[in-house]
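Here my numbering is used: the first residue of the sequence shown is 89, the next is one more, and so on. Backbone N, C-alpha and C define an ideal beta-carbon position, used for all residues, glycine too. Single-structure report; data block below.
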Amino acid sequence: SQHGQAVPGSCVMVTQEGTRPLLVEIQALVDQSHGNPRRLTVGLEAQRLAMLLAVLHRHAGVVCFDQDVFVNAVGGVKITEPAADLAVLLSITSSLKNKALPSKLVVFGEVGLAGEIRPAPRGQERLKEAAKLGFTRAMIPEANKPKHAIAGIEVIAVRRVEEAVERLRDEDVAVADQGREVAIEQRQQQCLDVRAVDVGVRHDDQLAVAQTGKIRAVFRTMRIDAQRHGNVVDLVVGKQAPGFDFPGVEH
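Next comes the structure, spelled out in structure tokens:
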């Protein structure tokens, strides 16, 4: 993907080009229809899109009958295998809800008319290729779940279409909760900073008062000493009589 950040309607899938796994971005645009809704695909089977929209409506409650739906396989890639089904459905849902899918997520899996998600061939190789390219999460069919964990990638195994859509909703809630927690922590830190500044100011005030008291005590001592030596000096705090030069005191 060439996006600087996650955008709605974009989903990365792992397809097979011969025996080699290949990562392809699937883009979907769902927009309000003005007249007869259009269904257009580039790089994917057009007839299969109509079937997937019916499955999405029947089993996940996602309604697109009054929307124009455009789906594109980026880069001019031609995808004929049904393992692209799940990626197509998630990209459509993402565009319709205007919610970006989680970053670093890859998807693959065939979708049946009953809403089940069927396994794709060479699932292990697809996951290893995604992990090698830096993806950290993969939503895949339950039957493709590896017996041993693959380093660097978290596997989200799903059995049905509604389960996959629900997992995305849970991700949105988790992200929102995380955002609220971060905001609360920031406010708490701001309060602590304000309190620290307030304590510092009060401490500085106390030091200033103490310093003023010391200066006054010095002045009183100097007046007493001057009186004892017969030199009466008219002193008040912050002033001195003409003819006497005390450091730090204005005339």
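Check your understanding: Where do the N-terminal and C-terminal ends of the alpha helix (DSSP H) with Q212 fall, by residue?
Key -> Note, Q212: alpha helix (DSSP H), G211 to K220.
Check your understanding: For the candidate residues T181, A171, V100 and E217, whose alpha-carbon lies nearest to that of A231?
Key -> If we check each option's Cα against that of A231, A171 comes out closest.
Review point. Taking only runs of the beta strand (DSSP E) that begin and end inside the stretch 89–135, which ones reach a length of at least 3 residues, in chain order?
Key: Taking only runs of at least 3 residues, the beta strand (DSSP E) segments lying wholly in the stretch 89–135 are 98–105, 108–120 and 127–130.
Point to revise | Proximity below 8 Å, CB of V194 to CB of V100 | key: Yes, Cβ-Cβ distance for V194 and V100 is below 8 Å.
**Study point:** As assigned by DSSP and simplified to three states, the class of I180
**Key:** It is helical.
Practice item. Given a cut-off of 8 Å, decide if V102 and L132 are closer than it, judged by their beta-carbon atoms. Key: Taking 8 Å as the Cβ cut-off, L132 and V102 do not qualify as a contacting pair.
Exercise for review: Return the first residue and the last residue of the beta strand (DSSP E) that I228 is part of.
Suggested key: Segment R225 to P229, the beta strand (DSSP E) holding I228.
Point to revise | Backbone CA spacing between P234 and G123 [nearest angstrom] | key: Rounded to the nearest angstrom, the two C-alpha atoms are 46 Å apart.
**Study point:** Inter-residue spacing [alpha-carbon to alpha-carbon] between S98 and L174
**Key:** S98 and L174 have their C-alpha atoms some 12 Å from each other.
**Study point:** Beta-carbon contacts of E169 that lie in its chain and below 7 Å, excluding the five residues immediately before and after
**Key:** For E169, the CB contacts under 7 Å within the same chain, skipping 5 residues up- and downstream, are T103 and Q104 in chain order.
Check your understanding: If you draw a straight line from the C-alpha of F196 to the C-alpha of Q274, how long is it?
Key -> Distance between the alpha carbons of F196 and Q274 is about 38 Å.
Point to revise | Proximity of S179 and Q155 at Cβ, strictly below 8 Å | key: Their beta carbons are not under 8 Å apart, which means S179 does not touch Q155 by this criterion.
Check your understanding: With burial defined as no fewer than 16 other Cβ atoms inside 10 Å of the residue's Cβ, what is the status of Q135: buried or exposed?
Key -> With fewer than 16 neighbouring CB atoms inside 10 Å of its own CB, Q135 falls in the exposed class.
Point to revise | Whole-angstrom distance between A202 and R146, CA atom to CA atom | key: Each residue's Cα considered, the two are about 9 Å apart.
Review point. When you compare only the Cα positions, how much space is there between G211 and Q277?
Key: Rounded to whole angstroms, the gap between the alpha carbons of G211 and Q277 is 46 Å.
**Study point:** Selected residue, minimal CA-CA separation from A94, among D119, R248 and K192
**Key:** Relative to the Cα of A94, the nearest Cα in the group D119, R248 and K192 belongs to K192.
Point to revise | Pick from V253, E250 and I228 that is closest to E242, judged by C-alpha positions | key: Comparing Cα-Cα distances from E242 to each of V253, E250 and I228, the minimum goes to I228.
Check your understanding: Nearest-angstrom Cα distance between E113 and P125?
Key -> Spanning the two alpha carbons is a distance of roughly 24 Å.
**Study point:** Sequence-distant residues of the same chain with beta carbon closer than 7 Å to E213, five excluded per side
**Key:** Within the same chain, E213 has close Cβ partners P109.
Point to revise | Neighbour-count burial assignment, F223, 16 or more Cβ in a 10 Å radius | key: Flag for F223 reads buried.
Review point. Out of curiosity, what's the CA-to-CA distance linking F334 and L280?
Key: Here the model assigns F334 a pLDDT of 48, short of 50, so the residue's position is not dependable and the matter cannot be decided.
Practice item. Ignore the nearest five residues each way along the sequence and tell me which others in A188's own chain have a CB closer than 6 Å to its CB. Key: Once the five neighbours on either side are set aside, the close Cβ partners of A188 are A94, V95 and P96.
Exercise for review: Identify which residue in A219, V253, R248 and G106 has its Cα closest to the Cα of A237.
Suggested key: Of all alpha-carbon atoms in A219, V253, R248 and G106, the one lying nearest the alpha-carbon of A237 is that of A219.
Check your understanding: With R206 and V157 assumed to form a contact (beta carbons below 8 Å), what rounded beta-carbon distance in angstroms separates them?
Key -> Their Cβ separation, rounded to whole angstroms, is 23 Å, which puts R206 and V157 out of contact at 8 Å.
Check your understanding: Apart from the five residues just before and just after N186, which ones in its own chain have a Cβ nearer than 7 Å to its Cβ?
Key -> Closer than 7 Å at Cβ, skipping near neighbours: P96.
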